[in-house]
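Enquirer: Protein chains in written order, with this note's numbering: chain A, 1 to 428; chain B, 429 to 508.
Positions of the beta carbon are idealized from the N, C-alpha and C atoms, including for glycine.
One structure is given below, represented as structure tokens, and several questions about it will come after.
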């Protein structure tokens, strides 16, 4: 049970989290084409709305909270807690400031954040109707299931008590539950949708489709930092059981990881291309934030710099590898930032973190968590989206892609003043 | 690619079937790798053997991931 001060602080911190969603929406929009900008922002709003409503309807009933009803499977001497057993529509949950109720508020925002990640990978070609359906699957099934394993007292969280693996899988701010789950869904979507028309030549060479508004992107990074400060701090208070006194350390670590991720990306691109690349620097910054989440409460500031720097470098190479080698068209770099950055953040906990209590076996617990993500979450999210694509085509028609998602799906452009309308020049 | 005799379609069909089975095999390997990791955690007690089998499970997952990626590359090649 949290003290009154902790509850109040936690609630205020949770209210910062929507800014992370706003930042991500701006980044996705800025890195896409101008003719799909309104569609991207509108989609972001709809995604956050659907994620919250679906999570309220059934998501929380699968995710639950530590100590609340759940389904167990007995394997050997241990009971494996694999899914929660809460009633639908959050019935029976008192919204009274208890940790479980604060968790619900945080999750209503963070499930939207996870659902925004694939929007960046499917930019310029993902239909609005399909996005809505895919978001419902993420918020109603994939996200709550994995979040239960980690944050709801599930089998990954119990690896410590059941099998002596450190403190079990630790992820204070959601590097895995939010970021990697969203990133793997983004990978599935990018595979299912295939690249944008004109992205690859007949010989398989990628064409550069530059970001249409880098100002959005950079501003999105700053908003993202504020949101992440809330996300990491509130997550650590609720899921890692740390005291309020750690919030300052968490804030310092979050800022340092983002800063070092962005600086590393700027330096790497400066060395490789002669000039720093703004969009890749933004990706490095976000990669640092993503990687900071898992261990934000358990590492020293110097380690946070290392974690952020490695994330910033990894993200740059992952972006290139996906685009050039695997021919995955990910306009916002969402897969690299959230999957690669998130997995690194999770592993960094096992390598660097000093968690009070037993630390032996912590790295193995973190590796088991990564294996669960790649081995179970990826097939699940791909399978669900593949099934959805079989019933409801996810990719927009050729004309829609050529015309732009704004006109094709919304009937209005984001920047109408850039088009010369003849009637404006007719004397009245 | 597609001539009037329809031979091109047969080639496309065979290529698609091939990439689909490759994709399916890849996802089965991903699940199998995850299963090995779970089994290692649940059934083995020695730290060394548990670590070894967890890493083996990860290796199987990497193979699966490579197959899935490869199958998508093959599908894309058909469509370029």
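1. The alpha helix (DSSP H) with residue 62/A in it runs from where to where?
2. From residue 293/A to residue 493/B, what does the alpha carbon distance come to, in whole angstroms?
3. Against chain B, does residue 150/A count as a neighbour if the rule is that its beta carbon must be under 7 Å from one of theirs?
4. Expressed to the nearest angstrom, what Euclidean distance is found between the alpha-carbon atoms of residue 33/A and residue 27/A?
5. Under 8 Å: do the stretch 46-60 of chain A and the stretch 338-352 of chain A share three or more Cβ pairs, one atom per stretch?
6. So, is the C-beta of residue 367/A closer than 7 Å to a C-beta in chain B?
7. Name the one or two DSSP bridge partners that residue 71/A has.
8. Quick one: is residue 448/B buried, meaning 16 or more other Cβ sit within 10 Å of its Cβ, or exposed?
9. If you follow the alpha helix (DSSP H) that residue 329/A is part of, which residue opens it and which one closes it?
10. Answer yes or no: does any C-beta atom of chain A fall closer than 7 Å to that of residue 484/B?
11. Any Cβ of chain B within less than 7 Å of the Cβ of residue 156/A?
12. Check residue 478/B in the structure and name its three-state DSSP category.
13. Start and end of the alpha helix (DSSP H) containing residue 155/A?
14. Please report the distance separating the alpha-carbon of residue 388/A from that of residue 394/A.
15. Against chain B, with Cβ distances strictly below 7 Å, would residue 163/A count as a contact?
16. Below 8 Å on the Cβ atoms is my contact criterion, and I expect residue 364/A with residue 479/B to pass it. Report the Cβ-Cβ distance as a whole number of Å.
17. What in chain A is Cβ-close to residue 455/B, meaning under 9 Å?
18. Cα-Cα, which of 325/A, 373/A, 356/A and 304/A is closest to residue 338/A?
19. Give the range of the alpha helix (DSSP H) segment to which residue 179/A is assigned.
20. What residue range is occupied by the uninterrupted alpha helix (DSSP H) comprising residue 400/A?
21. Ignore the nearest five residues each way along the sequence and tell me which others in residue 453/B's own chain have a CB closer than 6 Å to its CB.
22. Nearest CA to the CA of residue 499/B: which residue from 191/A, 230/A, 404/A and 286/A?
23. Around the Cβ of residue 12/A, are there at least 16 other Cβ atoms within 10 angstroms (buried) or fewer (exposed)?
24. By Cβ distance, which residues of its chain are closer than 8 Å to residue 200/A, with the 5 residues on each side in sequence left out?
25. Please confirm if residue 476/B has its CB atom under 7 Å from at least one CB of chain A.
26. Is there a Cβ from chain A that is less than 7 Å from the Cβ of residue 494/B?
Expert: Working from what's here:
1. Counted from its first residue, the first chain places residue 62/A at position 62. Taken as a continuous stretch (DSSP letters only), the alpha helix (DSSP H) holding residue 62/A covers 60-63.
2. Residue mapping note: residue 293/A aligns to position 293 of the first chain, counting from 1. Residue mapping note: residue 493/B aligns to position 65 of the second chain, counting from 1. Answer to the nearest angstrom: the Cα atoms are 25 Å apart.
3. Sequence index remark: in the first chain, residue 150/A carries index 150 (1-based). It does not; no Cβ of chain B falls within 7 Å.
4. As a position in the first chain, residue 33/A is number 33, starting the count at 1. As a position in the first chain, residue 27/A is number 27, starting the count at 1. Roughly 12 Å separates the two Cα atoms.
5. no
6. Here residue 367/A refers to the residue found at position 367 when the first chain is read from its first residue. Yes, residue 367/A lies at the interface with chain B (some Cβ there is under 7 Å from its Cβ).
7. Against the first chain, residue 71/A aligns to sequence position 71. Paired residue(s): 83/A.
8. By one-based count along the second chain, residue 448/B stands at place 20. Per the 10 Å Cβ criterion, exposed.
9. Mapped onto the first chain, residue 329/A falls at position 329. Here residue 329/A belongs to no alpha helix (DSSP H), and DSSP marks it neither H nor E.
10. Walking along the second chain from the start, residue 484/B turns up at place 56. Not one chain A Cβ lies under 7 Å of residue 484/B.
11. What you label residue 156/A is simply residue 156 of the first chain in a count that begins at 1. It does not; no Cβ of chain B falls within 7 Å.
12. Within the second chain, the letter at position 50 stands for residue 478/B. It is helical.
13. In the first chain, the residue the question calls residue 155/A occupies position 155. That residue, residue 155/A, is in no alpha helix (DSSP H); it is neither H nor E in DSSP.
14. Along the first chain, one-based indexing puts residue 388/A at 388. Along the first chain, one-based indexing puts residue 394/A at 394. Between residue 388/A and residue 394/A, the C-alpha separation is close to 8 Å.
15. Locating residue 163/A in the first chain gives position 163, counting from the first residue. Yes - at least one Cβ of chain B is within 7 Å of the one on residue 163/A.
16. By 1-based counting over the first chain, the position of residue 364/A is 364. By 1-based counting over the second chain, the position of residue 479/B is 51. Right, the Cβ-Cβ distance comes to about 6 Å (below 8 Å), so this counts as a contact.
17. As a first step, residue 455/B is located in the second chain; it is residue number 27 there, counting from the start. Going along chain A in sequence order, the residues near residue 455/B (Cβ under 9 Å) are 378, 379, 382 and 383.
18. If you number the first chain from 1, residue 338/A lands on position 338. For the residues 325/A, 373/A, 356/A and 304/A, the minimum Cα distance to residue 338/A belongs to 373/A.
19. Here residue 179/A refers to the residue found at position 179 of the first chain. It is not in any alpha helix (DSSP H) - residue 179/A carries neither H nor E in the DSSP assignment.
20. As a position in the first chain, residue 400/A is number 400, starting the count at 1. Element bounds for residue 400/A: 398-403.
21. Position 25 of the second chain, counted from the start, is the residue given in the question as residue 453/B. Here the set comprises 495.
22. By 1-based counting over the second chain, the position of residue 499/B is 71. Nearest of 191/A, 230/A, 404/A and 286/A to residue 499/B, Cα basis: 191/A.
23. Taking the first residue of the first chain as position 1, residue 12/A is located at position 12. Exposed, because fewer than 16 other Cβ atoms sit within 10 Å of the Cβ of residue 12/A.
24. In the first chain, counting from the first residue as 1, residue 200/A sits at position 200. Once the five neighbours on either side are set aside, the close Cβ partners of residue 200/A are 206, 207, 327 and 329.
25. Translated into positions along the second chain, residue 476/B becomes position 48. Chain A, which has no Cβ nearer than 7 Å to the Cβ of residue 476/B, makes this no.
26. For the purposes of this step, residue 494/B is identified with residue 66 of the second chain, where counting begins at 1. It does not: the Cβ of residue 494/B has no partner Cβ on chain A nearer than 7 Å.
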